[in-house]
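**Student:** Quick one: this structure, given as structure tokens, is what I'll be asking you about.
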Amino acid sequence: RDENPKEAPATTPYNLSEYFKQFLFPQNECELHNFRLSFSQLKWDKWIIAPHRYSPQYCKGDCPRAVGHRYGSPVHTMVQNIIYEKLDSSVPKPSCVPAEYSPLSVLTIEPDGSIVYKEYEDMIATRCTCR
Amino acid sequence: PHSRGRTVSARTSGLLVAPEDATSELNPLLWLPKGARHGYALLPPLLKVLSDRGQQNWESEVPRLQPDSRALRYMKRLYKMSATKEGIPKDNKSHLYNTVRLFTPCSECKHCHRDLMKGDVHSVDLLFNLDRVTALEHLLKSVLLYSFDTSVPVSSSMTCMCHLFAKEHDSSGQVCPSVSHSVAFSLHFEVRKRKWVEIDVTSFLQPLIAAHRRNVHMAVNVTCLVGDPQQNTDLANPVTMALVPPSLLLYLNDTSEQAYHRWNSLRHRRKSPGRLRPRTSPLVDPTGDKGNENSQGQRASRRR
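These protein sequences, in sequence, are chains A and B.
FYI, the numbering for the first sequence is 1 to 131, going by the working numbering.
FYI, the numbering for the second sequence is 1 to 304, going by the working numbering.
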């Protein structure tokens, strides 16, 4: 601050953590959000007997610039961020997307009147990542 | 995912046609390759809602035959045993199946005729249409599911004998019944307590399902004796009155991408999140077959 007072950030020491926060963790950070639907909303309850309610969840939020191990993101994610910031802003920033899912069991009536119990893979998001 | 340099038309791969191209094909079933059309009840409606932005209710367009209420009750009970309230499959080791299909016999074949001489044989001619079973669904177990019309007063324990006959259709379409299989089951139960009787017909059906037979035509003769077989028994006429034509239950292992594979999810949990799971590893035979290539496959996957 003594050498070149103009350059120094005009922040007093107690704001320093605030100042750094903007770099480390964005306000609305990428995370898993709850969402519940019932098949009757889609008018499918005539042929989907169970479950009555289904929570697929979803991922939303900004990805911090230095994602590192926090999201299990590969190094490519940081490279993509650098490209976006330094080289070509038409390249999209890393996105907040599901990283892991859990299955869902569904009981349905088929067009021929037979009944089927099926377990589907990847129907409920359980973890998010930045990619 | 297609890299920018290489564009693959959805049309050539037979996968989903872009919605604007598909206005002429109202039925989303036509968008999926033939093999997949019957595979996943959920996919076509999801695609339909995405394509027409959800205005129409696709399901109202597709007429659905209403299932038998007893069969529906049984499947709801099976669902409660297999999944939590939120629909998450229970991690049950003995629960190898990821698909269970229940078929009720075609209505025109439900006539029951009794062999009046013996006065007690309950014989029924059944035709099951197995069109919904896909090539990727491997049979684990099949069961004839008898339920009782509990309004008919029936006495206590009894012993039943059941004979199954596959009815092959020869080239001219004539039915030539051949005793392909007879299975005997003896049961002692209070009908009032038990609403269902399951007869395992896996060995009987295995060859037909493996041959991707679309229609299974069989005759089932049931004879029930009241009381304990060790002591005196007499013919149980009333119970054969109470027997409702059986449904056919198939426990299957769906080997497709969309289906949930327990053994695969355990392996996947150890991997880093989000990486595509290579499905090339040889399937552990769902019927627990001890073939040596499987044990090699298992050793290799365990080593991995």
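Virtual Cβ for every residue (Gly too), placed ideally from N, Cα, C.
1) Identify, in the order they occur along the chain, each residue of the same chain with its Cβ nearer than 6 Å to the Cβ of K118 of chain A, setting aside the five sequence neighbours on each side.
2) Comparing the C-beta of L276 of chain B with each C-beta of chain A, is any distance below 8 Å?
3) Name the DSSP bridge partner or partners of P89 of chain B?
4) Looking at the C-beta of M75 of chain B, does it have a partner C-beta in chain A at a distance below 8 Å?
5) According to the neighbour-count rule (16 or more other Cβ atoms, all chains shown, within 10 Å of its Cβ), is Q80 of chain A buried or exposed?
6) Any beta carbon from chain A within less than 8 Å of E198 of chain B's own beta carbon?
7) When you compare each of A:R127, A:Y58, A:C130 to H33 of chain A by their alpha carbons, which one comes out closest?
8) Roughly how far, in whole angstroms, is the beta-carbon of P56 of chain A from the beta-carbon of A125 of chain A, given that I think they are within contact range, below 8 Å?
9) Tell me whether M81 of chain B is buried or exposed, calling it buried when 16 or more other Cβ atoms sit within 10 Å of its Cβ.
10) Would you call F20 of chain A buried or exposed, if buried means 16 or more other Cβ atoms sit within 10 Å of its Cβ?
11) Helix or strand or just coil, what does DSSP make of L47 of chain B?
12) Below 8 Å between beta carbons: does that hold for Y74 of chain B and W196 of chain B?
13) To be precise: take each residue of the stretch 106-130 of chain A, compare its Cβ to all Cβ atoms of chain B, and keep it if any distance is under 7 Å. Which residues remain?
14) Who are N215 of chain B's beta bridge partners in DSSP?
15) Would you kindly work out how many angstroms separate the C-alpha atoms of P103 of chain A and K90 of chain B, rounded to a whole number?
16) Can you tell which of B:S247, B:L65, B:T99 has its C-alpha closest to the C-alpha of T134 of chain B?
17) Quick check on the burial criterion: 16 or more other C-beta atoms within 10 angstroms. Buried or exposed for F128 of chain B?
18) Who are the Cβ neighbours of R127 of chain A in its own chain at under 6 Å, not counting the five residues just before and after it?
19) For a cutoff of 8 Å on Cβ pairs, would you count P103 of chain A as touching chain B?
20) Starting from T104 of chain B, trace the alpha helix (DSSP H) both ways and give me its first and last residue.
21) Please name the residue or residues paired with T129 of chain A in a DSSP beta bridge.
22) Tell me the DSSP secondary structure of R77 of chain B in three-state form.
23) Report the three-state DSSP secondary structure of L144 of chain B (helix, strand or coil).
24) Between which two residues does the alpha helix (DSSP H) harbouring L32 of chain A extend?
25) Measuring from the CB of V75 of chain A, is there a heavy atom of the ligand COA at a distance below 7 Å?
26) Shorter than 8 Å from the beta carbon of K141 of chain B to some beta carbon of chain A?
27) Cβ of T77 of chain A within 8 Å of Cβ of C30 of chain A?
28) Give me the Cα-Cα distance between A50 of chain A and N15 of chain A, rounded to the nearest whole angstrom.
29) For A259 of chain B, which residues from the same chain have a beta carbon less than 6 Å from its beta carbon, with the 5 sequence-adjacent residues on both sides left out?
30) Looking at the secondary structure, which residues open and close the beta strand (DSSP E) in which I48 of chain A lies?
31) Strictly below 9 Å CB to CB, what residues from chain A border F103 of chain B?
32) According to DSSP, is Y260 of chain B helix, strand or coil?
33) For S40 of chain A, return the contacting residues in chain B, with the cut-off set at a CB-CB distance below 8 Å.
34) For a contact meaning CB atoms closer than 8 Å, what does I49 of chain A contact in chain B?
35) Counting along the chain, where does the beta strand (DSSP E) carrying V197 of chain B start and finish?
**Tutor:** So, from the data block:
1) For the purposes of this step, residue 118 of chain A is identified with residue 118 of the first sequence, where counting begins at 1. If we look at K118 of chain A and ignore the five residues flanking it on each side, its Cβ neighbours are V106.
2) Counted from its first residue, the second sequence places residue 276 of chain B at position 276. Here the model assigns L276 of chain B a pLDDT of 42, short of 50, so the residue's position is not dependable, and the following value carries that caveat. Taking Cβ atoms only, chain A never reaches closer than 8 Å to L276 of chain B, which makes this a no.
3) Here residue 89 of chain B refers to the residue found at position 89 when the second sequence is read from its first residue. DSSP output for P89 of chain B lists B:A83 as bridge partner(s).
4) Within the second sequence, numbered from 1, the residue matching residue 75 of chain B stands at position 75. Answer yes: the Cβ-Cβ gap between M75 of chain B and chain A drops below 8 Å somewhere.
5) Translated into the one-based positions of the first sequence, residue 80 of chain A becomes position 80. When all chains shown are included, Q80 of chain A counts as buried.
6) Numbered from 1 along the second sequence, position 198 holds the residue referred to as residue 198 of chain B. For E198 of chain B, the answer is no, since every Cβ of chain A falls outside 8 Å of its Cβ.
7) Translated into the one-based positions of the first sequence, residue 33 of chain A becomes position 33. Nearest Cα to H33 of chain A within the set A:R127, A:Y58, A:C130: A:Y58.
8) One-based indexing of the first sequence puts residue 56 of chain A at position 56. One-based indexing of the first sequence puts residue 125 of chain A at position 125. Sure, about 7 Å apart at Cβ, within 8 Å.
9) Here residue 81 of chain B corresponds to residue number 81 of the second sequence, with the count starting at 1. M81 of chain B comes out exposed.
10) Residue 20 of chain A sits at position 20 when you count from the first residue of the first sequence. If you draw a 10 Å sphere on the C-beta of F20 of chain A, you find fewer than 16 other C-beta atoms in it, and that means exposed.
11) The residue you call residue 47 of chain B lines up with position 47 of the second sequence. Reduced to three states, the DSSP call for L47 of chain B is helix.
12) Here residue 74 of chain B refers to the residue found at position 74 when the second sequence is read from its first residue. Here residue 196 of chain B refers to the residue found at position 196 when the second sequence is read from its first residue. Yes, Cβ-Cβ distance for Y74 of chain B and W196 of chain B is below 8 Å.
13) V106, L107, T108, I109, E110, P111, D112, G113, S114, I115, V116, Y117, K118, E119, Y120, E121, R127, T129
14) In the second sequence, residue 215 of chain B corresponds to position 215, counting from 1. Answer is B:N129, bridged to N215 of chain B.
15) Position 103 of the first sequence, counting from 1, holds the residue named residue 103 of chain A. Position 90 of the second sequence, counting from 1, holds the residue named residue 90 of chain B. Spanning the two alpha carbons is a distance of roughly 10 Å.
16) Counted from its first residue, the second sequence places residue 134 of chain B at position 134. Nearest of B:S247, B:L65, B:T99 to T134 of chain B, Cα basis: B:T99.
17) Position 128 of the second sequence, counting from 1, holds the residue named residue 128 of chain B. Result: buried.
18) Position 127 of the first sequence, counted from the start, is the residue given in the question as residue 127 of chain A. Cβ within range, chain order: A99, E100.
19) Within the first sequence, residue 103 of chain A is the residue found at index 103, counting from 1. True, the Cβ-Cβ gap to chain B drops below 8 Å.
20) Counted from its first residue, the second sequence places residue 104 of chain B at position 104. Premise fails: T104 of chain B is in no alpha helix (DSSP H) and is neither H nor E.
21) In the first sequence, residue 129 of chain A corresponds to position 129, counting from 1. T129 of chain A is bridged to A:V97.
22) Counting from one through the second sequence, the residue named residue 77 of chain B turns up at place 77. Three-state DSSP puts R77 of chain B in a helix.
23) Position 144 of the second sequence, counted from the first residue, corresponds to residue 144 of chain B. DSSP places L144 of chain B in strand when its eight states are reduced to three.
24) One-based indexing of the first sequence puts residue 32 of chain A at position 32. Unbroken run through L32 of chain A is the beta strand (DSSP E), 31-33; no alpha helix (DSSP H).
25) Of the ligands one can find in the structure shown there are none, so the ligand COA has no counterpart to examine.
26) For the purposes of this step, residue 141 of chain B is identified with residue 141 of the second sequence, where counting begins at 1. So, not an interface residue.
27) Counting from one through the first sequence, the residue named residue 77 of chain A turns up at place 77. Counting from one through the first sequence, the residue named residue 30 of chain A turns up at place 30. No; because the gap between Cβ atoms is not below 8 Å, this pair is not in contact.
28) Within the first sequence, residue 50 of chain A is the residue found at index 50, counting from 1. Within the first sequence, residue 15 of chain A is the residue found at index 15, counting from 1. Rounded to whole angstroms, A50 of chain A and N15 of chain A show a C-alpha spacing of 54 Å.
29) As a first step, residue 259 of chain B must be located in the second sequence, where it is residue number 259. Within the same chain, A259 of chain B has close Cβ partners N98.
30) In the first sequence, counting from the first residue as 1, residue 48 of chain A sits at position 48. Unbroken beta strand (DSSP E) run through I48 of chain A: 48-50.
31) Taking the first residue of the second sequence as 1, we reach residue 103 of chain B at position 103. Chain A residues near F103 of chain B: D112, G113, S114, I115.
32) Here residue 260 of chain B is taken as the residue at index 260 of the second sequence, counted from 1. Reduced to three states, the DSSP call for Y260 of chain B is coil.
33) Reading the first sequence from its first residue, position 40 is the one you call residue 40 of chain A. Result: empty, since nearest Cβ-Cβ is about 11 Å, beyond 8 Å.
34) Sequence index remark: in the first sequence, residue 49 of chain A carries index 49 (1-based). In chain order: L72, M75, K76, Y79.
35) The residue given as residue 197 of chain B occupies position 197 in the second sequence. First-last of the beta strand (DSSP E) with V197 of chain B: 196-200.
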